[in-house]
Structures are given as C-alpha cells and as structure tokens.
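Have a look at the structure below before the remarks.
Protein chains in written order, with my numbering: chain F, 1 to 224; chain L, 1 to 113.
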C-alpha cells in the first residue's frame, strides 16, 4: 500500500468557473450581485423594487434560480432588460446555483447592453454560501419573521456578505425580533457588511438600498 | 444535496491521482472538512458509493477529519471555540471575531495499491 499526498480543495472546480464568469462580466462592464436568503424572505420583491426604481438609470438583467417553476421570471420580465430562469431540479450537481449554471445563463444575456445583473439564488441559507458564481457583491436578506438568531445559526453566509438586508420591517410591532442583537451579531462576524433595514411592503428603506446599488454599479463602470 | 457536486470532484481527483500513480485500487481517501462548511460526511459517503461504482475507487474508505470551528477575537486575539448561541470571547467578552479554522474542504491524501 502506498500513500499519496493530494492537498486539493474540493471547491476549486467551481471557483475556477466563477473567476471566469467574473472576467467575462468585467470585460462587458456588468456589475453582478448574488442575492441570497431563506425562502420567502423577499428576494423577488426586492428585485422588483430595484428594477422599478433603477431601470431608467441602468440596464438590468435578472437570473432567477429556483428548484422548479418560472413564477419568479414571469414576475420580473416586464421590468427587466432580460431574464433567464434556471431550474436546479434539472441539475444533478446542486440544489442551489453554481458557477457552471451562471456560465450557461450568461450566454443568453445581452452582456454588451447591460450595466447590472441581479442573480436571485435558490432560497436557502446553507448551500449558496460555499459556491461563488462570479458576482462582485454578495447580498443576504433576513426577514423579521425568521428571527434575529439566523447569523449565529448560519454564520458562513453572513460572514461573506457585502450587504445584509433586514426586510419586512413593517412587521416589527408584531414579532419578537431584537434589531440591536441582530446588528451586533452581524458586525461581530463581518465588519465590512453594509446593513440595510427596509420593507418591500411599504417601500420604507428601499431608496437607501437602491442608492447603494447604483453607486456600486457606477463605480464598477468607471473601473479601468 | 450540494454534496453531490463536491463528491463528483472527489471521484475525479482521486481517479486522476490514482492513474498518475499507476494504482490498481484505491483503499482509503483522507478528507479534511471544516465544521462550518455545512458539508455532511455521511452524505458525501452516500454519493461516493454510487459515483465510484465500477471504478478502481469502488469500496474505498472515506476518512473524514472534521476541523472544529475556531474564532479569533478581534480585540484580544484569543482563539476560542464558539458556544451554540454565544460568539463572544471567553477572555474579554468581545463580540467581534474572525474565523481562524473551520472552513477547510480538501482531500489531504489517499492510500492506494
């Protein structure tokens, strides 16, 4: 019997494709955002608000990831410049999005005519955190009914986030959600994350979020 | 089920390395997996048994070394293992920490004949 040293990262295959995706996006000056959350936290609602507010300023495409159905793609198609739906139930590799799926989706998007790509990941706080897609920024949405302990229960996805959004702020009087405890656990894990509090229902806080995205996309466009 | 893709990578890497070493059989694969990663060893084993069927890796033992999560306090640099609901530093009670161990996911070595 013989022992062979290997030392090979098991996520390397995905990371390599993710880097290739990002290079392609950079060549076309498209700013990409990976939006992640548990199911029902408000990813599609936030994307709809973002499209409605920014579509006159930026040309925006959406990649919709779901286990099944085209419900979300249909919801956003009237507002977005282009939409691609990915259904992961047809993919053997994973339930959440992986870089190889984005690589295929990018071929169906008019990259020359885009400024911003919003990728709605499959609703899940575990699987998406390990798989880079080629995005420039990672955004995690947590909604009040989920409880304030999610960053402690699912730390990885929050540690790597560039922005954390607390959605459904209109429900604050009705749920036991300790905003200060939630913010402390985020800043304790992740000092770089921007934190936004908003409600897709009332529109409160949406403007601040959209200004941030707009600033990020504009900065990306002026990168050499 | 995100373990499926990772297990495919394990099989691909192992078969390539075994080929280079001109091995006839893979006996054991030593995998290092961090506690934070969310990858479940039993699940990887389950997919491995099916994906390695009819290859020289069929029947290989997957040995997992699970690396516990270690955090480093950003205030006093103490390394500690986080408690379930509490991430504060046991020495200075600081609330800010970075991960120093627990995100590993790699094949360390393998045994062949």
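We put the CB at the ideal spot given by N, CA and C, even for glycine.
Bear in mind that the values here come from a model prediction, so they are computed numbers and not experimental data.
Residue i, DSSP secondary structure in three states
i: residue 40 of chain L; result: coil
i: residue 166 of chain F; result: strand
i: residue 115 of chain L; result: The structure shown does not extend to residue 115 of chain L, since chain L is modelled only from 1 through 113, so no value can be given for it.
i: residue 194 of chain F; result: strand
i: residue 62 of chain L; result: strand
i: residue 34 of chain L; result: strand
i: residue 48 of chain L; result: helix
i: residue 127 of chain F; result: helix
i: residue 77 of chain L; result: coil
i: residue 56 of chain L; result: coil
i: residue 174 of chain F; result: helix
i: residue 133 of chain F; result: coil
Cβ pair residue i, residue j closer than 8 Å
i: residue 107 of chain L; j: residue 63 of chain L; result: no
i: residue 162 of chain F; j: residue 194 of chain F; result: yes
i: residue 58 of chain L; j: residue 110 of chain L; result: no
i: residue 38 of chain F; j: residue 117 of chain F; result: no
i: residue 168 of chain F; j: residue 144 of chain F; result: yes
i: residue 50 of chain L; j: residue 113 of chain L; result: no
i: residue 94 of chain F; j: residue 5 of chain L; result: yes
i: residue 102 of chain L; j: residue 68 of chain L; result: yes
i: residue 128 of chain F; j: residue 36 of chain F; result: yes
i: residue 76 of chain F; j: residue 48 of chain F; result: yes
i: residue 136 of chain F; j: residue 6 of chain F; result: no
Closer than 7 Å at the beta carbon, the chain F residues around residue i
i: residue 46 of chain L; result: Those do not exist, as residue 46 of chain L stays about 14 Å from chain F at its closest Cβ, beyond 7 Å.
i: residue 6 of chain L; result: 10
Residue-chain proximity (residue i, chain L), Cβ-Cβ < 8 Å
i: residue 164 of chain F; result: no
i: residue 7 of chain F; result: yes
Any C-beta of chain F under 8 Å from that of residue i
i: residue 107 of chain L; result: yes
i: residue 96 of chain L; result: yes
i: residue 63 of chain L; result: no
i: residue 2 of chain L; result: yes
Per-residue contacts from residue i into chain F (C-beta, under 8 Å)
i: residue 111 of chain L; result: 1, 2, 3, 4
Mind listing, in chain order, the continuous alpha helix (DSSP H) runs of no fewer than 4 residues lying wholly within the region 56-122 of chain F? 71-76, 99-106
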